[in-house]
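Structure first, then comments.
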Amino acid sequence: MAERQKSGILTICGRPNVGKSTLTNAFVGEKVAIVTNKPQTTRNRICAILNRGCCQFVFVDTPGLHRPRTRLGDYMVDVVKQSVSGVDGILLLVEPIPNIGPPEEQLIARIREENCPAVLVINKIDALERKEDLLAVIETYRKAYPFQAVVPLSARTGEGVEELLALLEDWLPEGPPLFPEGMVSDQPERQMMAEILREKLLLCLEEEIPHGAAVEITRFIERDDEVIECDAAIYCEKNSHKGIIIGKGGKMLKKISSLARTDMERFMGTKIYLQTWVKVKERWRDNVNLIRDFGYREE
Numbered sequence: 031m032a033e034r035q036k037s038g039i040l041t042i043c044g045r046p047n048v049g050k051s052t053l054t055n056a057f058v059g060e061k062v063a064i065v066t067n068k069p070q071t072t073r074n075r076i077c078a079i080l081n082r083g084c085c086q087f088v089f090v091d092t093p094g095l096h097r098p099r100t101r102l103g104d105y106m107v108d109v110v111k112q113s114v115s116g117v118d119g120i121l122l123l124v125e126p127i128p129n130i131g132p133p134e135e136q137l138i139a140r141i142r143e144e145n146c147p148a149v150l151v152i153n154k155i156d157a158l159e160r161k162e163d164l165l166a167v168i169e170t171y172r173k174a175y176p177f178q179a180v181v182p183l184s185a186r187t188g189e190g191v192e193e194l195l196a197l198l199e200d201w202l203p204e205g206p207p208l209f210p211e212g213m214v215s216d217q218p219e220r221q222m223m224a225e226i227l228r229e230k231l232l233l234c235l236e237e238e239i240p241h242g243a244a245v246e247i248t249r250f251i252e253r254d255d256e257v258i259e260c261d262a263a264i265y266c267e268k269n270s271h272k273g274i275i276i277g278k279g280g281k282m283l284k285k286i287s288s289l290a291r292t293d294m295e296r297f298m299g300t301k302i303y304l305q306t307w308v309k310v311k312e313r314w315r316d317n318v319n320l321i322r323d324f325g326y327r328e329e
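Position in the sequence shown (from 1) plus 30 gives the number in the numbering used here.
Okay, structure coming up:
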């Protein structure tokens with residue numbers, strides 16, 4: 031008798047910079063979410079799809095829960111709250127620290143409200159000097175909420191990822207696939223191109239500037255010779271930031287664009303002709319219309 035098809039939606043949530051996007055990419059085996067060592071890298075809700083045997087996992091990568099200081103921050107927090115509602119399971123991702131901070135407290139409260147199956151995922155165990163220190167972390171969280179399971183892992187090295195997938199397979203309800211076979215993300219190609227370029231901004235620039243930057247793909251043409259022509263506008267909030275992004279003699283923008291083009295070509299599997307421009311939109315992170323224009327929309 032053939033195995034029955036199972037599919038389900040599983041949300042990955044946690045504070046900023048805890049490794050949610052790294053874990054998302056580790057699940058599906060390729061890069062569908064941008065990753066940097068800076069907090070609040072992820073701004074949108076991203077679905078990553080893994081087909082394994084008779085199972086389809088739909089992992090929802092969310093922004094880090096933080097105290098918002100802009101309208102964009104408000105949007106990101108709303109995305110997190112909506113993403114833990116009506117799903118088949120929740121993965122609370124935490125660092126191996128025996129202390130529960132305000133973001134974790136808020137997320138545990140939401141999990142309790144939803145009464146949804148939840149697993150505590152303790153990430154970054156490869157950074158632990160003594161594995162026995164995990165016991166204190168587990169005990170701290172078990173006092174706060176009765177998680178169905180606790181899984182220590184390293185999203186960076188892959189240790190523990192297979193064990194977590196095996197556990198989550200039992201949580202998937204019976205049902206047809208939610209996405210067609212071959213899809214690994216629900217993000218349109220244009221959006222993925224914009225995210226790749228924004229990742230390089232985060233990697234190459236100083237702390238504040240990239241968080242005040244947005245990327246819009248203004249032109250995306252697939253030519254008959256399979257070369258893609260891609261024009262991108264980088265928006266920042268100050269003229270001084272524009273100068274830093276461009277750099278002396280245009281060197282910084284050239285570096286950012288070159289790194290982005292390499293990743294774009296790897297993602298699309300074809301040659302890309304990328305042109306980038308830098309424009310100033312003052313205080314765009316507090317302008318609801320601009321936030322929507324740049325692709326940050328309520329579901």
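Idealized CB from N, CA, C, for every residue including glycine.
Output needed for residue i: all residues of its chain with C-beta closer than 8 Å, excluding positions within five of it in sequence on either side, in chain order.
i: I155; result: P126, K161, L164, P182, L183, S184, E189, G190
i: V149; result: G119, I120, L121, L122, F177, Q178, A179, V180, V181, L194, L197, L198
i: I321; result: R101, L102, Y105, W314, R315
i: L40; result: F87, V88, F89, V90, V117, D118, G119, I120, L121, L198, W201
i: D293; result: K61, I226, E229, K230
i: E236; result: I274
i: P147; result: D118, G119, I120, Q178, W201
i: E295; result: K301, I302
i: R142; result: Y175
Can residue i and residue j be called in contact, C-beta distance under 9 Å?
i: R82; j: E219; result: no
i: I168; j: V180; result: yes
i: L195; j: L121; result: no
i: R253; j: C260; result: no
i: V308; j: K272; result: yes
i: R75; j: V62; result: no
i: N153; j: V48; result: yes
i: I264; j: Y303; result: no
i: S288; j: L227; result: no
i: M223; j: I251; result: no
i: I276; j: I239; result: no
i: T170; j: P128; result: yes
i: K278; j: C234; result: no
Whose CA, out of the options, lies closest to the CA of residue i?
i: L362; options: R315, L233, Q178; result: In the structure as shown, the chain begins at 31 and stops at 329. Residue 362 is therefore absent and cannot be evaluated.
i: R45; options: A290, C266, V124; result: V124
i: A139; options: G325, A243, V110, A290; result: V110
i: K173; options: I276, T52, E60, E135; result: E135
i: G212; options: V58, T92, T52; result: V58
i: N55; options: Q112, G205, V214, R142; result: V214
i: V310; options: E267, G205, I42, I141; result: E267
i: E256; options: G205, G299, G280, S270; result: G299
i: A262; options: A243, H241, K50, T306; result: T306
i: L232; options: I130, Q112, M282; result: M282
i: R13; options: Q217, P206, H241; result: Only positions 31 to 329 of the chain appear in this structure, which leaves residue 13 out of reach.
i: I130; options: A166, S115, V114; result: A166
Less than 6 Å between C-beta atoms, sequence neighbours within five positions excluded: which residues of the same chain meet that for residue i?
i: C85; result: K36, E199, L202
i: F346; result: In the structure as shown, the chain begins at 31 and stops at 329. Residue 346 is therefore absent and cannot be evaluated.
i: R291; result: I302, L304
i: E312; result: E267
i: G38; result: D118, L202, P203
i: K50; result: I42, G44, D91, L123
i: C77; result: V88, V90, D216
i: H241; result: none
i: N269; result: V310
Ordered along the chain, which non-local residues of its own chain (more than five positions away) have a Cβ less than 7 Å from that of residue i?
i: Q221; result: G325
i: D323; result: none
i: S115; result: E144
With respect to 8 Å, is the separation between the Cβ of residue i and the closest non-hydrogen atom of the ligand PLP below this value?
i: M282; result: Annotation note on the ligand PLP: not contained in the displayed structure, which lists no ligands.
Give the C-beta separation of residue i and residue j to the nearest angstrom, bearing in mind that I take them to be a contact with Cβ-Cβ under 8 Å.
i: C43; j: L137; result: 5 Å
**Message:** Which runs of the beta strand (DSSP E) at least 3 residues long sit entirely within the region 242-328? Give them in chain order.
**Reply:** The beta strand (DSSP E) runs lying completely inside the region 242-328 and spanning 3 residues or more are 244-252, 258-266, 302-310, given in chain order.
**Message:** List, from N- to C-terminal side, the beta strand (DSSP E) runs of 3 residues or more that fit wholly inside the region 106-133.
**Reply:** Runs found: 119-124.
**Request:** Just list the alpha helix (DSSP H) runs in the region 173-206, keeping only unbroken ones of 4 residues or longer that don't cross its boundaries, in chain order.
**Result:** With a minimum length of 4 residues, the continuous alpha helix (DSSP H) runs that stay inside the region 173-206 are 191-199.
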